[in-house]
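From first to last, the protein sequence lines are chains A and B. Counting the first sequence from 1 gives a position; this note's numbering is that position plus 11. Counting the second sequence from 1 gives a position; this note's numbering is that position plus 208. Heads up, the beta-carbon is just placed ideally off N, CA and C, and yes, glycines get one too. All values derive from a computational prediction rather than experimental measurement. Before any comments, here is the structure.
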Amino acid sequence: DQQVKQNSPSLSVQEGRISILNCDYTNSMFDYFLWYKKYPAEGPTFLISISSIKDKNEDGRFTVFLNKSAKHLSLHIVPSQPGDSAVYFCAAKAGTASKLTFGTGTRLQVTL
Amino acid sequence: NAGVTQTPKFQVLKTGQSMTLQCAQDMNHEYMSWYRQDPGMGLRLIHYSVGAGITDQGEVPNGYNVSRSTTEDFPLRLLSAAPSQTSVYFCASSPASHRANTEAFFGQGTRLTVV
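And the structure:
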């Protein structure tokens, strides 16, 4: 039972355009959401997060939107750069538990 | 600034062999965990620990053991390796679970092949 889903395995975007990565969840107890970025042969690195009390969090070129009623979040990257090419994982946690539940990842390719 | 250190980076095992994947963190984090990454499956939690002396099972614990004798170290033991355990393994740590809204820090990973 996949509690966090990323339905697009891959996404290709031109440099300078917007990249939108989507994530859906089923567990209503999740109240904190994170995005991780992973390059080949490296560990995931934290990118941005959002608490369920907010609907938007912005950090430079990265913005995460949360729609609690739809149990959906999205990561927007504007403008996209070639260095953004990586696998992006959505993750969620519930309450004070530190356990993270990850999605299956979306491979983003930013082309010149 | 080491963060989370995993050893080895690569390992090839024969079916039935045992081995230990090492994980150490220098951030004094209470929470540590092990994940495996497989194509199309994302990161799946194997075992986790909320502090020294306390461990619990995650989503896919079968075939693996863990212990947490110190805050810094959280080794993962494969008891009798099977080809299904061919994967990339990641160790992660984060501050205490009662501090909500914190991110986890990951090691570089161990690529394990079981033949």
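Same chain, Cβ closer than 8 Å to B:Ser150, five either side skipped, listed in chain order | The requested residue 150 of chain B is not part of the displayed model; chain B covers only 209 to 323.
Environment of A:Glu69 [buried if 16+ CB atoms lie within 10 Å] = Within the first sequence, the letter at position 58 stands for residue 69 of chain A. Looking at its Cβ environment, which holds fewer than 16 other Cβ atoms inside 10 Å, A:Glu69 is exposed.
Can you find a C-beta in chain A that's less than 7 Å from the C-beta of B:Gln265?
-> Here the question's residue 265 of chain B lines up with position 57 in the second sequence. By this cut-off, B:Gln265 is not an interface position.
Whose C-beta lies closer than 7 Å to the C-beta of B:Thr294 among residues of the same chain, with five residues either side of it excluded?
-> Here residue 294 of chain B is taken as the residue at index 86 of the second sequence, counted from 1. Cβ neighbours of B:Thr294 beyond the five flanking positions: Leu320, Thr321 and Val322.
Assign B:Ser288 to one of three DSSP states: helix, strand, or coil.
-> The sequence position of residue 288 of chain B within the second sequence is 80, counting from 1. Here B:Ser288 sits in coil by DSSP.
For the beta strand (DSSP E) holding B:Gly259, just list the boundary residues, first then last.
-> The sequence position of residue 259 of chain B within the second sequence is 51, counting from 1. Note, B:Gly259: beta strand (DSSP E), Gly250 to Gly259.
Can you tell which of B:Arg252, B:Gly224 and B:Gln219 has the C-alpha that lies nearest to the C-alpha of B:Ser288?
-> As a position in the second sequence, residue 288 of chain B is number 80, starting the count at 1. Per the Cα distances, B:Gly224.
Using three-state DSSP, classify A:Asp95 as helix, strand or coil.
-> Position 84 of the first sequence holds residue 95 of chain A. Helix.
Residue interval of the beta strand (DSSP E) (run including B:Thr213) | Reading the second sequence from its first residue, position 5 is the one you call residue 213 of chain B. B:Thr213 -> beta strand (DSSP E) spans Val212 to Thr215.
Counting only beta-carbon atoms, is B:Gln225 nearer than 7 Å to chain A?
-> Locating residue 225 of chain B in the second sequence gives position 17, where the first residue counts as 1. Residue contact check for B:Gln225 against chain A: no CB pair falls below 7 Å.
Are the C-beta atoms of A:Pro51 and some chain B residue less than 7 Å apart?
-> Within the first sequence, residue 51 of chain A is the residue found at index 40, counting from 1. Residue-level contact check: A:Pro51 does not touch chain B, since none of the beta carbons of chain B fall below 7 Å from its beta carbon.
How about A:Phe76: is its C-beta nearer than 7 Å to some C-beta of chain B?
-> Here the question's residue 76 of chain A lines up with position 65 in the first sequence. No, because no Cβ of chain B sits closer than 7 Å to the Cβ of A:Phe76.
Short check: CB of A:Gly114 to CB of B:Gly248, under 7 Å?
-> The sequence position of residue 114 of chain A within the first sequence is 103, counting from 1. The sequence position of residue 248 of chain B within the second sequence is 40, counting from 1. Cβ atoms of A:Gly114 and B:Gly248: not closer than 7 Å.
Are any of the Cβ atoms in chain A nearer than 7 Å to that of B:Gln316?
-> Taking the second sequence and counting its residues from 1, the one referred to as residue 316 of chain B is at position 108. For B:Gln316, the answer is yes, since a Cβ of chain A falls inside 7 Å of its Cβ.
Does any residue of chain A bring its CB to less than 7 Å from the CB of B:Ser302?
-> Residue mapping note: residue 302 of chain B aligns to position 94 of the second sequence, counting from 1. Judged by the 7 Å Cβ criterion, B:Ser302 is in contact with chain A.
Pick out whichever of B:Ala210, B:Phe313, B:Pro303 and B:Arg244 has its Cα sitting closest to the Cα of B:Gly259.
-> Along the second sequence, read from residue 1 onward, the residue named residue 259 of chain B stands at position 51. For the residues B:Ala210, B:Phe313, B:Pro303 and B:Arg244, the minimum Cα distance to B:Gly259 belongs to B:Pro303.
Span of the beta strand (DSSP E), counted from its first residue to its last, around B:Met227 | In the second sequence, counting from the first residue as 1, residue 227 of chain B sits at position 19. Start and end: Met227 to Gln233.
7 Å Cβ cut-off: residues of chain A touching B:Met249 | As a first step, residue 249 of chain B is located in the second sequence; it is residue number 41 there, counting from the start. Scanning chain A for C-beta atoms nearer than 7 Å to the C-beta of B:Met249 yields Thr115, reported in chain order.
Return the CA-CA distance between A:Ala127 and A:Asn38, expressed in angstroms with no decimal places.
-> Given that chain A is displayed from residue 12 to residue 123, the structure contains no residue 127 of chain A and the question cannot be resolved.
Which of the three DSSP states, helix, strand or coil, is assigned to B:Gln316?
-> For the purposes of this step, residue 316 of chain B is taken as the residue at position 108 of the second sequence. Coil, per DSSP.
DSSP on A:Gln13, reduced to helix/strand/coil?
-> Position 2 of the first sequence, counting from 1, holds the residue named residue 13 of chain A. Taken through DSSP and simplified to helix, strand or coil, A:Gln13 comes out as coil.
Please go through the same chain and pick out, in chain order, the residues whose beta-carbon is closer than 7 Å to the beta-carbon of A:Ser23, but skip the five residues on each side of it.
-> Taking the first residue of the first sequence as position 1, residue 23 of chain A is located at position 12. Closer than 7 Å at the Cβ level, and outside the excluded window around A:Ser23, lie Gln120 and Thr122.
For a contact meaning CB atoms closer than 7 Å, what does A:Phe57 contact in chain B?
-> Residue 57 of chain A sits at position 46 when you count from the first residue of the first sequence. In chain order: Glu311.
Which word fits A:Lys49, buried or exposed, when buried means at least 16 other C-beta atoms lie within 10 angstroms of its C-beta?
-> As a first step, residue 49 of chain A must be located in the first sequence, where it is residue number 38. Looking at its Cβ environment, which holds 16 or more other Cβ atoms inside 10 Å, A:Lys49 is buried.
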